[in-house]
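A.B. asks:
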Amino acid sequence: MPKMIVSIDGVVIKEVQLTKDRTTLGRRPYNDIVIDNLAVSGEHAVLQLTGNEVFLEDLNSTNGTYVNGKAVKKQLLQNNDTVEIGKYKIKFINEAPGATFEKTMIIKPGMVPPMPPAKPGAPAGAAPAAAGAPAAAKPAEAGAPGGTASIKVLSGAAAGREVPLVKVVTTIGKPGVAVAAITKRSHGFVVAHVEGSNKPTLNGTAIGPEPVTLKNGDMLELAGTQMQFLQVG
Numbered sequence: 672m673p674k675m676i677v678s679i680d681g682v683v684i685k686e687v688q689l690t691k692d693r694t695t696l697g698r699r700p701y702n703d704i705v706i707d708n709l710a711v712s713g714e715h716a717v718l719q720l721t722g723n724e725v726f727l728e729d730l731n732s733t734n735g736t737y738v739n740g741k742a743v744k745k746q747l748l749q750n751n752d753t754v755e756i757g758k759y760k761i762k763f764i765n766e767a768p769g770a771t772f773e774k775t776m777i778i779k780p781g782m783v784p785p786m787p788p789a790k791p792g793a794p795a796g797a798a799p800a801a802a803g804a805p806a807a808a809k810p811a812e813a814g815a816p817g818g819t820a821s822i823k824v825l826s827g828a829a830a831g832r833e834v835p836l837v838k839v840v841t842t843i844g845k846p847g848v849a850v851a852a853i854t855k856r857s858h859g860f861v862v863a864h865v866e867g868s869n870k871p872t873l874n875g876t877a878i879g880p881e882p883v884t885l886k887n888g889d890m891l892e893l894a895g896t897q898m899q900f901l902q903v904g
């Protein structure tokens, strides 16, 4: 499914799946993608979904809409195109249908996915044994570069839930209150504050916009919710 990944200064602040025929983008709160910045017009641009193709159209905005550095009025977006509006960069992702399901499976822990076809030489009983276990995907993740990591929620309604950090960037928090982004890098994971007046804390110290390296066991607090960073490998 096509999606837009909104970032500023290299930090992802939101991801939006394009599921409607028309997805509006602008500063006003009634837009589907709201970017609260004076460089963005109230009704800046619209994304039109036709089949599996997405057209971007500028709505006579004040500062214009750019794709890969070039001003556009209306353009068919290609996978990995970068839309620029003010200081914001919005990456367009239009992946193969098979890849989308895998990501959904990871984002929603506990969902039992259909098992992939057995590899040649695999034990005959392997697939049925794994099919009933939601945690069956974890051994595969363990081979990822840099080991695996997760955030465990310690307080609030979601206490006890553990969220695997399998994406390059994972955003956590409450939009408008406090949002932080955890980014996977070659040397490990870093966290930075990206949105909201309430700054998150790491081991009791406030986190700013500059990325801070995370270590196994670090305690995060965000919008009144306590979490722990866990890393293996």
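Taking the numbering used here, the leading residue of the sequence shown gets 672, the next gets one more, and so forth. Every residue gets a Cβ at the ideal spot worked out from N, C-alpha and C, and that includes glycine. Since the structure is predicted, the reported quantities are computational estimates derived from the model, not experimental observations.
Using CA atoms only, rank isn't needed, just tell me which of 686, 878 and 746 is closest to residue 727.
C.D. replies: Selected option, being the one with the closest Cα: 746.
A.B. asks: Taking DSSP as the reference, what is the three-state secondary structure of residue 843?
C.D. replies: Strand.
A.B. asks: Quick one: using the 10 Å Cβ neighbour count with 16 as the cut-off for buried, is residue 876 buried or exposed?
C.D. replies: Flag for residue 876 reads exposed.
A.B. asks: What do you get for residue 858, buried or exposed, if any count of 16 or more other CB atoms within 10 angstroms of its CB means buried?
C.D. replies: So residue 858 ends up on the exposed side.
A.B. asks: Tell me which same chain residues have a C-beta within less than 6 angstroms of the C-beta of residue 708, skipping the five on either side of it?
C.D. replies: For residue 708, where only same-chain residues beyond five positions count, the Cβ hits under 6 angstroms are 757.
A.B. asks: What's the C-alpha gap between residue 884 and residue 731?
C.D. replies: Each residue's alpha carbon lies about 42 angstroms from the other.
A.B. asks: What number of angstroms, rounded off, separates the C-alpha of residue 740 from the C-alpha of residue 892?
C.D. replies: Looking at the two C-alpha atoms, the distance is approximately 38 angstroms.
A.B. asks: Using a Cβ-Cβ cutoff of less than 7 angstroms, which residues in the same chain neighbour residue 869 once the five nearest sequence positions on both sides are dropped?
C.D. replies: Same-chain partners within the cutoff: 848, 849 and 894.
A.B. asks: Go ahead and pull the three-state DSSP assignment for residue 857.
C.D. replies: Residue state, collapsed to three classes: coil.
A.B. asks: Note down, in chain order, each residue of its chain lying with its Cβ closer than 8 angstroms to the Cβ of residue 764, except the 5 sequence neighbours on either side.
C.D. replies: The residues are 673, 674, 675, 676, 750 and 751.
A.B. asks: Which residue wins for smallest C-alpha separation from residue 860, given the options 822, 866 and 845?
C.D. replies: Ranking 822, 866 and 845 by Cα distance to residue 860 puts 822 first.
A.B. asks: Among 864, 827, 724 and 898, whose alpha-carbon lies nearest the alpha-carbon of residue 680?
C.D. replies: If we check each option's Cα against that of residue 680, 864 comes out closest.
A.B. asks: The beta strand (DSSP E) spanning residue 759 covers which residue range?
C.D. replies: Residue 759 -> beta strand (DSSP E) spans 759 to 764.
A.B. asks: Under the three-state reduction of DSSP, which class applies to residue 733: helix, strand or coil?
C.D. replies: Three-state result, residue 733: coil.
A.B. asks: For residue 901, which residues in the same chain have their Cβ closer than 8 angstroms to its Cβ, ignoring the five residues on either side in sequence?
C.D. replies: Counting only Cβ-Cβ distances below 8 angstroms, and skipping sequence neighbours, we find 820, 821, 822, 823, 833, 887 and 888.
A.B. asks: Would DSSP call residue 880 helix, strand or coil?
C.D. replies: Coil at residue 880, not helix or strand.
A.B. asks: Report yes if the CB atom of residue 754 is closer than 9 angstroms to the CB atom of residue 738, and no otherwise.
C.D. replies: For residue 754 and residue 738, yes; Cβs fall inside 9 angstroms.
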